[in-house]
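Numbered per mature numbering (1 follows the signal peptide of the UniProt record, and there is no 0), the sequence shown spans residues -20 to -1, 1 to 309.
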Amino acid sequence: MRLILAAGFAITALGTLAHAKEPWQWETVEATGKPTARHEAALAAFDGKVYLIGGRRINPVDVFDPVTATWSAKSSTPMELHHFQAVVWGQGVYLIGAMTGGYPRETPLDKIIVYSPATDSFQFVHGIPESRRRGGAGAVVHDDKIYLVGGITNGHVGGSTAWLDCYDPRTGDWEVLEDAPHARDHFQAVLIGDKIYAAGGRTTSQATKQTFQLTVPEVDVYDIRTGRWQTSATPPPLPVARAGNMAMTFGGALIIGGGESGDQKTAHDEVEVWSPGDDTWKRWPSLQRGRHGSGFAIVGDHVYTASGSGNRGGGPELESVERLALPRQ
């Protein structure tokens, strides 16, 4: 495996940059094989491998093995699935809050789909209540339940929501919870402790020719223990507002990367981090290639990203894989 390096930084603590002999930076991995280029797909880490699922068109599940730096193609999705955040529960990867169909009137899925890495198969499981169907939503797992926040009901035309729902994958029960302070779609959610963080995204409105412009810089925080959205002690607004961003948590911090906005044609490469108790966001090294419509996946000591679109909108679709060494905690 060879790594292509770009200029960067090193850190002495989480989110703190400092000069060092070994620059801390994203690395482009030269892998054996390539994934099917796509965007509006999802990444998930499972059993030491990175799974790339969905995206515009019907695509195979592509699996990246970080040990051998090898891609392998698995079964194709049973239908076109895009604009969703995959989450792992038990032995399955749950695809919930997805869309299907073409721009701009994509349709939200009416069922939840589960991919089994062990059997390389998909299963349609529980239905989604008709009044709560949407795509482009954020999803997290907490205490054996999946929480779905935000999303949009009418593709890119409009219908951004502030909805929050709780789904029980064991029973199929669906509970409607309190709306978030801000509607948003095209983003990803993160769980830190008992709190859900909704960061990034926009209120997409192709109907008013504002597909990319209405980004949401505010961060909403839901306390699962109290069942309420916080009105104080929330992160400051995201410094670089964008949608189609990736999100993850590491070391108790909220990390947002990539994305797209009306401010620039090229997809965003910024990676920003906020830790509870901080009053400002900090910067991590920028991606080597700005991208949106993908995800982060942590395997071992690195975080990986792959695929996505290199510019605002639908192209160019990327095949590259990047990784960043995670700071020591």
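Just so you know, even glycine gets a beta-carbon here, dropped at the ideal spot from N, CA and C. Just so it is clear, the structure is predicted and the values come from calculations on it, not from any experiment.
Suppose you measure from the CA of residue i to the CA of residue j; what does that come to, to the nearest Å?
| i | j | result |
| --- | --- | --- |
| Gly115 | Thr87 | 8 Å |
| His136 | Gly237 | 22 Å |
| Ser287 | Gly270 | 11 Å |
| Val47 | Thr211 | 44 Å |
| Leu306 | Val283 | 7 Å |
| His248 | Gln309 | 27 Å |
| Asp145 | Gly207 | 11 Å |
| Gly35 | His63 | 7 Å |
| Pro217 | Asp165 | 16 Å |
| Ile172 | Val201 | 10 Å |
| Val30 | Ala277 | 7 Å |
| Pro215 | Ile176 | 12 Å |
| residue 310 | Val170 | Nothing about residue 310 can be reported from this structure: the residues present for the chain run from -20 to 309 only. |
| Thr151 | Arg112 | 17 Å |
| Glu250 | Ser266 | 5 Å |
| Asp174 | Glu299 | 35 Å |
| Val156 | Lys91 | 16 Å |
| Trp69 | Gly139 | 29 Å |
| Ala223 | Ala22 | 15 Å |
| residue 394 | His122 | Nothing can be reported for residue 394: it is not among the residues displayed for the chain, which extend from -20 to 309. |
| Gly290 | Glu302 | 13 Å |
| Gly118 | Ile126 | 10 Å |
Is residue i helix, strand or coil when you go by DSSP?
| i | result |
| --- | --- |
| Ala119 | strand |
| Gln168 | strand |
| Thr188 | helix |
| Ser55 | strand |
| Ser111 | helix |
| Arg303 | strand |
| Gly13 | coil |
| Arg18 | coil |
| Ala49 | coil |
| Arg36 | coil |
| Tyr83 | coil |
| Phe104 | strand |
| Lys245 | coil |
| Arg308 | coil |
| Ala223 | strand |
| residue 312 | The requested residue 312 is not part of the displayed model; the chain covers only -20 to 309. |
Can you tell me whether residue i is buried or exposed, with buried defined as 16 or more other CB within 10 angstroms of its CB?
| i | result |
| --- | --- |
| Ala98 | exposed |
| Glu141 | Looking at the sequence provided, one finds Thr at residue 141 rather than Glu. By the 10 Å Cβ count, Thr141 comes out buried. |
| Thr57 | buried |
| Glu297 | buried |
| Thr285 | buried |
| Thr16 | buried |
| Phe104 | exposed |
| Ala(-1) | Bear in mind that the predicted position of Ala(-1) carries a pLDDT of just 42, short of 50, making it too unreliable to give a figure here. |
| Glu252 | buried |
| Phe102 | buried |
| Thr133 | buried |
| Glu110 | exposed |
| Asp42 | buried |
| Ala213 | exposed |
| Pro3 | exposed |
| Glu7 | buried |
| Lys14 | exposed |
| Thr191 | buried |
Report the partner residues of residue i according to the DSSP bridge assignment.
| i | result |
| --- | --- |
| His272 | Ser289 |
| Asp203 | Lys175 and Arg208 |
| Lys29 | Phe26 |
| Trp143 | In the DSSP output, where bridge partners are listed per residue, Trp143 has none listed. |
| residue 321 | Nothing in the structure corresponds to residue 321, since the chain is present only between -20 and 309. |
| Ser96 | Ser101 |
| Gly72 | Trp69 |
Are there three or more Cβ pairs, one per stretch, closer than 8 Å when the stretch 181 to 194 is compared with the stretch 227 to 245?
-> yes
Report yes or no: do three or more beta-carbon pairs, one from the stretch 150 to 160 and one from the stretch 224 to 236, lie closer than 8 Å?
-> no
Would you say the stretch 48 to 55 touches the stretch 67 to 82, given that touching needs at least three Cβ pairs under 8 Å?
-> no
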